[in-house]
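Worksheet: one structure, shown below.
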Amino acid sequence: MVERASTLRAWLRAARPLAQANIAVPLVFGQALAVAHGARFDPWICVLVHVFGVLDQLVIVFANDVADEAGDRLHRAPTPFSGGSRVLVDGLLDAPRLRAAAIAAAIALVGHAGLLASVWHRPLALVAAGAALLLLLAYSYGPLRLSYRGGGELAQGLGLGAVLPAFAYAMQAGSLDGLSPLMLLPTILLGIAGNIVTALPDEPADRLADKRSWPVRVGVRVARKHALLVTALAILCTPLVLGDDATPERLFATEAPALALLAVAALTWRSALVERRRECIAFVVAAAGAGSLAMLAWSVSLLWR
């Protein structure tokens, strides 16, 4: 009984529940966009959209843990959002089991998308599932392996900022009609910034593993600055999201909370060194939180008419 409970805890740790925020928020945003553009909100579709998000997360975290095992073993100071789940490093699970779980989750994701396509007449669900899996392979596995060769920021930006919101939009609206690519530019920027931010604590281990993350390529100090600037640019792109509803009053109410939290991160950008664990984590939480807050604020503003 104790061994079973320990195994369950290991699998829960491998699933990284906190990472769901990175997926759920873009899905909420995409559905808000659809409703704001005339779609009738379907609560059952909403549930199915977020089931897709959970399955997508499981594929990502399980597959990435297997792909990054060697690099994670070099990481001496993991955080809740970097350094992997550590289940392989700590010997709680083995790579073959985790790889099998990733494959099972991928099959479940495609099966779930097939259900949406056949029963709910949402064929774009299969396109979204395929795109999500291809981006994961490009990010973590050869021949591209962008997270190691450079370019992982763009892959994450497209996955979190384009594929997920567009999928959620299409599920509620039934198609992508009315969705302009410009509406997704701010979320793509936030996905890129989020990748840079969460890679900051990993920089020493990534450098040892020859992983060309953004902080490794440009330096941690410059990467912090870039993360702040890209996040600020995304927030200031709010008019692309709100369209004709982007009045000065609505823009202020929508942008101010996220910009305020980003300002908190900006106050510590010089001192948030990787060696100063507490300051580094505080910077990551504030900067990444500003991005999530911006997306939630866009969602509320789209629906508050």
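In this note's numbering, the protein residues as written are 14 to 318. Every residue, glycine too, gets a C-beta built ideally from N, C-alpha and C. Keep in mind it's a predicted model, so treat the numbers as computed, not measured.
In the displayed model, THR211 falls within a helix according to three-state DSSP.
By the criterion of at least three beta-carbon pairs nearer than 8 Å, the stretch 182 to 196 is in contact with the stretch 116 to 135.
Within the same chain, Cβ atoms closer than 7 Å to the Cβ of ALA27 are found at VAL74, PHE75, ASP78, SER98, VAL100, LEU106 and LEU111, the five residues on either side in sequence being excluded. Annotation: ALA218 to ALA49 spans about 44 Å, alpha carbon to alpha carbon. By the C-beta criterion, the stretch 36 to 48 is judged not to be in contact with the stretch 161 to 169, since fewer than 3 inter-stretch pairs fall below 8 Å.
Pairing LEU128 with LEU71 gives a Cβ-Cβ distance that is not under 9 Å.
A direct Cα-to-Cα measurement between LEU40 and MET308 gives close to 10 Å. Here the stretch 187 to 201 makes no contact with the stretch 229 to 240; the two share fewer than three CB pairs at distances below 8 Å. Per the C-alpha coordinates, the member of VAL298, ARG290, PRO93 and SER305 positioned closest to GLU268 is SER305.
No Cβ-Cβ contact shorter than 9 Å links LEU249 with LEU195. Cα atoms of GLY155 and ASP103: separation of roughly 25 Å, rounded to the nearest angstrom. The Cβ-Cβ distance between THR251 and SER314 falls below 9 Å. ASP219 sits in a helix when the DSSP states are folded into three classes. Look at ALA236 here: in three-state DSSP terms it is helix. Three or more Cβ pairs closer than 8 Å define a contact, and the stretch 263 to 277 falls short of that threshold against the stretch 220 to 227.
Using a Cβ distance threshold of 9 Å, ALA144 and VAL176 count as a contacting pair.
Annotation: the continuous alpha helix (DSSP H) that includes PHE65 extends over 56 to 80. In the structure shown, HIS50 adopts coil according to DSSP, grouped into three states. Counted as a single uninterrupted DSSP element, the alpha helix (DSSP H) harbouring GLU292 occupies residues 290 to 316. In the same chain as GLN44, and ignoring 5 residues on each side of it, the C-beta atoms closer than 6 Å to its own belong to ALA181 and GLN185, in chain order. Contact between LEU275 and ALA236 is absent: CB atoms are separated by about 16 Å, not below the 8 Å threshold. Taken through DSSP and simplified to helix, strand or coil, ASP85 comes out as helix.
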